[in-house]
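This report concerns only the one structure given below.
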Amino acid sequence: MSSGPAPEATSSAPAPDSAAGCRLLLVRHALAVPKHVAEDFERSLSDRGRADAPEAGRWLAGSGFQPHLVLCSPARRTRETWELIAPALPDVPPVVYDDRLYNASPEVLADVLAERGAGLSHVMLVGHNTGIHELAMSLCRTGPTELLERLRAELPKAGAVVVDLPGGWHDLTSGDGRNGHLIAFWTPNSVDPSGN
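Quick note, my numbering runs 247 ahead of the 1-based positions in the sequence shown.
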């Protein structure tokens, strides 16, 4: 079994402290069982996914990124991912399962975040590719070069991206306003660095 890249977090900027700024945590669901095993919405996590999701929770807890709200797709694999992350957090935030987040496009994800994140400075979104990866790439205009390159290549299952949005949630719905700064990018140890 190939060992993946070491879990990595780079804190290159402080948490947003203005009323307008906010911090977004994007988490792709952990590895699920193959598509032929169950209808897509009902696919549960695989054994590896059940190991990776708590690892993501421990990383989030250790890194100090504490969301005030979690938005989660209602699909079984995203719900299970969140349920395995939550016990590691020092303060478990409320979670909203929003039907619009299931296999959503980046535009829909941005709309839901802008709507649900109003008044909050730290929000976490647990979702699906390709939408969550495309949203992360569109938001992360600046950040450590190595992390930006890794993010452009892939957002692996159970991977986590932390991005600061100086302009706040309303800027998510404006392409011109997306000027986020990539703070951290974490992947589980099970990820193969070759991309397989």
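Note that beta-carbon positions come from the ideal geometry of N, C-alpha and C, so glycine has one too.
A direct Cα-to-Cα measurement between L360 and H375 gives close to 15 angstroms.
Taking the Cβ atoms as the reference, G427 lies roughly 4 angstroms from L386, within the contact range of under 8 angstroms. For T325, the CB contacts under 6 angstroms within the same chain, skipping 5 residues up- and downstream, are H276, C319 and V373 in chain order.
Between L394 and the set V408, E289, P353 and L273, the nearest pair of CA atoms involves V408. Only buried fits A303, as 16 or more other CB atoms lie within 10 angstroms of its CB.
The residues A308, in chain order, have a CB closer than 6 angstroms to that of L336 in the same chain once the five nearest residues on each side in sequence are set aside. For W329, there is no enclosing beta strand (DSSP E); the residue is found in the alpha helix (DSSP H) stretching over R323 to I332. Residue pairing by DSSP places R270 opposite H369 and D411 in a beta bridge. Residues H375 of the same chain have their beta carbon placed closer than 6 angstroms to that of N350, with the five preceding and five following residues left out of the count. Comparing alpha carbon positions, the residue from D418, T328, E286 and P281 closest to R297 is T328. By the beta-carbon neighbour count (other beta carbons within 10 angstroms, threshold 16), G406 is buried.
In this structure, L356 sits near G378, with a CB-CB distance shorter than 8 angstroms.
Between E362 and E396, the alpha-carbon positions lie close to 30 angstroms from each other. In the three-state scheme derived from DSSP, where H, G and I count as helix and E and B as strand, V355 is classed as helix. According to DSSP, A431 shares a beta bridge with V409.
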